[in-house]
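Just so we're aligned, residue 692 is where the sequence shown starts under this note's numbering, counting upward by one.
Glycine included, C-beta positions come from ideal geometry on N, C-alpha and C.
Take a look at the structure below.
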Amino acid sequence: MASASEQMAIQNFYAMAQIGSKETVKAGLNEIASQYDVDEFIFTCDIYDTEKRLENFSLLMDLKNK
Numbered sequence: 692m693a694s695a696s697e698q699m700a701i702q703n704f705y706a707m708a709q710i711g712s713k714e715t716v717k718a719g720l721n722e723i724a725s726q727y728d729v730d731e732f733i734f735t736c737d738i739y740d741t742e743k744r745l746e747n748f749s750l751l752m753d754l755k756n757k
């Protein structure tokens, strides 16, 4: 079982995570952009498999282009 400080660290780590359908992720990113007045994002992807990592970034590009 995680300690209180470990639980808070986990919550903070996932606070900006956007997980779900394309529509859900796009809506979440738009909300973050307006809330924090940002005009660009930097994405990281902790997927070891190169093909799956590229697929992940391809999905993000699809969101940008819609």
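Suppose you measure from the CA of residue i to the CA of residue j; what does that come to, to the nearest Å?
| i | j | result |
| --- | --- | --- |
| residue 744 | residue 737 | 8 Å |
| residue 754 | residue 742 | 19 Å |
| residue 696 | residue 704 | 12 Å |
| residue 700 | residue 707 | 13 Å |
| residue 692 | residue 735 | 28 Å |
Anyone know if the C-beta pair for residue i and residue j falls short of 9 Å?
| i | j | result |
| --- | --- | --- |
| residue 716 | residue 726 | no |
| residue 750 | residue 732 | no |
With residue i as the anchor, note down where its alpha helix (DSSP H) starts and where it stops.
| i | result |
| --- | --- |
| residue 699 | 695-705 |
| residue 709 | Run containing residue 709: none; DSSP gives neither H nor E here. |
| residue 692 | Here residue 692 belongs to no alpha helix (DSSP H), and DSSP marks it neither H nor E. |
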